[in-house]
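> If you want this note's numbering, it's the 1-based position in the sequence shown plus 68.
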Amino acid sequence: MSMKFIVVTGGVMSGLGKGITMASIGRILRDRSYKIVPIKIDPYINIDAGTMNPFQHGEVYVLGDGTEVDLDLGNYERFTDVELERAHNITTGVVYSAVIERERKGEYLGQTVQIIPHVTNEIKARIRDVAANSGADICLVEVGGTVGDIESMPFLEAVRQMQGEESETDFLFIHVTLVPFTALGEQKTKPTQHSVKALRELGLQPDIIVCRCKKALKVDVKKKIAMFCNVKPEAVISAPDTEDIYEVPLLLEKEGIYTYVMQKLQLEQQKKDMAWLKMVERQKALSAGDNAILIAIVGKYAELEDSYLSIKEAIKHAATAIGCKVTMRWLEAEDLEVKGAITVFDNVQGILVPGGFGIRGAEGKIKAIEYARVNKIPFLGLCFGFQLAVIEAARNIAKLKDAHSAELCDTPHPVIDLLEEQKGVTAKGGTMMLGDHEVFIRGDTLAERVYGKKKIVERHRHRYEVNPEYVGMIEREGMIFSGSDRSGLRMEILENQQHPFFFATQFHPEFKSRPNKPSPPFIAFLGACMRKR
Ligand code: GLN
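1. With distances taken from CA atoms, which of Arg268, Tyr314, Glu254, Gly271 is nearest leucine 285?
2. Considering methionine 559, what are the terminal residues of the beta strand (DSSP E) in which it resides?
3. Is it buried or exposed, serine 92, if we count other Cβ atoms within 10 angstroms and call 16 or more buried?
4. Return the residue from the list Lys435, Pro589, Ile465 that minimises the CA-CA distance to tyrosine 538.
5. Run through the DSSP bridge pairs and tell me what histidine 481 is partnered with.
6. Is it a yes or a no for the segment 232-239 touching the segment 94-107, going by three-plus beta-carbon pairs under 8 Å?
7. To the nearest angstrom, how far is the alpha carbon of lysine 339 from that of glycine 408?
8. Pick from Asp133, Ala572, Met81, Ala303: whose alpha carbon is nearest that of leucine 514?
9. Determine whether the Cβ of tyrosine 376 lies closer than 8 Å to any Cβ atom of chain C.
10. Determine the contact status of threonine 303 and isoleucine 276, defining contact as a CB-CB distance below 8 Å.
11. Which residue or residues does DSSP assign as beta-bridge partners of valine 137?
12. Write down every uninterrupted run of the beta strand (DSSP E) in the segment 154-193 whose length is 3 residues or greater and which is fully enclosed by it, in chain order.
13. Taking the C-alpha atoms as reference points, what is the distance between glycine 367 and lysine 496?
14. Determine the DSSP secondary structure at phenylalanine 123, reduced to helix, strand or coil.
15. When we look at the beta-carbon of phenylalanine 608 and count the other beta-carbons within 10 Å, is it buried (16 or more) or exposed?
16. Go ahead and label glycine 432 buried or exposed: buried means 16 or more other beta carbons lie within 10 angstroms of its beta carbon, across all protein chains shown.
17. Under the assumption that glycine 83 contacts glutamate 210 (Cβ atoms under 8 Å), give the Cβ distance between them as a whole number of angstroms.
18. Tell me whether the beta-carbon of proline 422 lies closer than 8 Å to the beta-carbon of phenylalanine 593.
19. Below 8 Å on the Cβ atoms is my guess for lysine 117 versus glutamate 136; work out the distance and round it to an integer in Å.
20. Which of the three DSSP states is assigned to alanine 226 in this structure?
21. What ranges does the beta strand (DSSP E) occupy inside the segment 291-363, keeping only unbroken runs of at least 3 residues that lie completely in it?
22. Compare the C-alpha of valine 163 against each of Arg146, Phe147, Ile183 and name the closest.
23. Pick from Lys108, Ser70, Arg95, Ile96: whose alpha carbon is nearest that of valine 76?
24. Determine, using beta-carbon pairs with one atom in the segment 503-520 and one in the segment 115-135, whether at least three such pairs fall under 8 Å.
25. Classify leucine 208 as buried or exposed, calling it buried when 16 or more other Cβ atoms lie within 10 Å of its own Cβ.
26. Around the Cβ of arginine 558, are there at least 16 other Cβ atoms within 10 angstroms (buried) or fewer (exposed)?
27. Report the residue ranges of all beta strand (DSSP E) runs contained in full by the segment 373-425; include only those spanning at least 3 residues, in chain order.
28. Check whether the Cβ atoms of leucine 44 and valine 80 lie closer than 8 Å to each other.
29. Roughly how many whole angstroms lie between the Cα atoms of valine 227 and tyrosine 369?
30. Please confirm whether proline 111 and glutamate 219 have their CB atoms less than 8 Å apart.
31. If I follow the unbroken beta strand (DSSP E) through arginine 527, where does it start and stop?
32. Quick one: what's got a C-beta closer than 8 Å to tryptophan 344's C-beta in the same chain, skipping five residues either side?
33. Just curious, the alpha helix (DSSP H) that aspartate 504 is in, first and last residue?
34. Shorter than 7 Å, the distance from the beta carbon of methionine 547 to the closest heavy atom of the ligand GLN, or not?
35. State the start and end residues of the unbroken alpha helix (DSSP H) segment that holds glutamate 269.
36. If I follow the unbroken beta strand (DSSP E) through alanine 572, where does it start and stop?
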């Protein structure tokens, strides 16, 4: 079979769930035994998402190879179970730096270097390289941004050219738009018509239109969109809001998207894998009854839950696996610094302190950790949460009153200090300790019970680490470092053996959690919370 391409664009506004739509189509195809490869195009000038504030874009997701990317790539990994790499994320920054570098080397042989054809050629070559190297049957490309944005123009032009170069049965366009409701409940098609018009002006005609809407589209609304936008009525797909994103593949399939894609790309009807459907059914069957637990998440971007998307998803995966209904209480760390605020933990069965950067809110998080340790409430600390747990232990167990992190202030006791290889590094983009690294687990520890093995690989994203000089002082009253790197000098896991569940990791286990493969620390944490009830 020749390589097939599915390109997803978006109209009307951002945040419609284009990424979830594409990830869901990936899942549908995968469940029909097609091998797929996703590519995300981000039209911003940043080389990658590493330097971006999670307030604006949501969390920075980390790939196995250490690339820092937009959270959509996390959704692709979770929905399709494919491991992505740097090449799967194409940004304007990446494309232009490659073109400019080539120009400086003289590789354009005296030509005037232009958006068309040089930039568009670079984009097409990158898409085709990823597709060819992946060994996949179908390559899915999401063009980020909204049609009409200046930034996405070169990318849309590149996919337009590709469509002409590939055979008709190898290329499919999907456009995701919004169908709003009026106060009287009427479904309005005009924004969709306009965004398809904008696409057509660029020479692109969608094959399928996915309409995001509050409730499923009425038949006559579908017909109207089909007529005005020049697609078949069966190619107008309703994508109503769902309670849970993992239902989207099932909904889209029910709407007939697979049948249409199959016909256009001349795919064969394959037997369907039902594991995903069963997972969604299990999740939906969970009710707020007996197995309900309440977890406090003490963060800094708590009002924008997307900044902790992978953690939220990892909790969901583990909850579905062990059959409990989790409510997450998002707490702003700074608010805990006020006297008496600690009562917010009164009814919680677990406390989670996620990753983070900078001093704001750090003392509030330390307070939360102390509360969890002293009151024997199950605790999970991730990355910054791990580092702050080390500081809490240094201050309150090892009695080093001024213990702190060198990231946060000048201190006589930098129990958390800059990684050796970071000394002298000034550039901020892509220079942290990133991606997959091996972690070696000590025998007879909670860590060994959690993972059931002695060596694991987890994803990292940090610049600071436990200062080895303080390890001996901190390992008291049940506190031990139960995981480290191969040298044994770089601490990766902290646990408290006199506590029902006190577990913190320098790495980010949430990035490897998948709906059908939940992360072991999350399963163990929720298990402990259930026992706490
Ligand atoms: N700020 C800490 C560091 O850079 C922790 C980073 C994180 O939580 N991802 O080491």
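Quick reminder that beta carbons are idealized off the backbone N, C-alpha and C, glycines included.
A quick look at the data gives this:
1. Per the Cα distances, Glu254.
2. Methionine 559: member of the beta strand (DSSP E) spanning 559-564, first to last residue.
3. buried
4. Ile465
5. Histidine 481 is not bridged to any residue.
6. no
7. 59 Å
8. Ala572
9. Looking at the structure shown, chain C is missing, and only one protein chain is on hand.
10. This sequence places alanine at residue 303; threonine is not what is there. Their beta carbons are under 8 Å apart, which means alanine 303 touches isoleucine 276 by this criterion.
11. Tyr129
12. The segment 154-193 is shown to contain whole beta strand (DSSP E) runs of 3 or more residues at 157-159, in chain order.
13. 22 Å
14. Looking at phenylalanine 123 - three-state DSSP - the assignment turns out to be helix.
15. Residue coverage of the chain in this structure runs from 69 to 601, which leaves residue 608 outside it and unanswerable.
16. buried
17. In fact, because the Cβ distance is near 14 Å, the residues do not count as touching under 8 Å.
18. no
19. In the sequence under discussion, the amino acid at residue 117 is alanine, which differs from the lysine named in the question. About 5 Å separates the two Cβ atoms, so the contact holds.
20. In the structure shown, alanine 226 sits in a helix (DSSP, three-state: H, G or I).
21. 304-308
22. Its Cα nearest to that of valine 163, the residue Ile183 stands out among Arg146, Phe147, Ile183.
23. Lys108
24. yes
25. buried
26. Answer is buried; the Cβ neighbour count reaches 16.
27. 393-400, 418-421
28. A question about residue 44 goes unanswered here, because the residues of the chain that appear run from 69 up to 601.
29. The straight-line gap from Cα to Cα measures roughly 36 Å.
30. In this structure, glutamate 219 lies closer than 8 Å to proline 111 by Cβ.
31. 523-530
32. Arg95, Asp99, Tyr314, Pro317, Leu318, Pro583, Asn584
33. That residue, aspartate 504, is in no alpha helix (DSSP H); its beta strand (DSSP E) goes 501-509.
34. no
35. 258-269
36. 570-573
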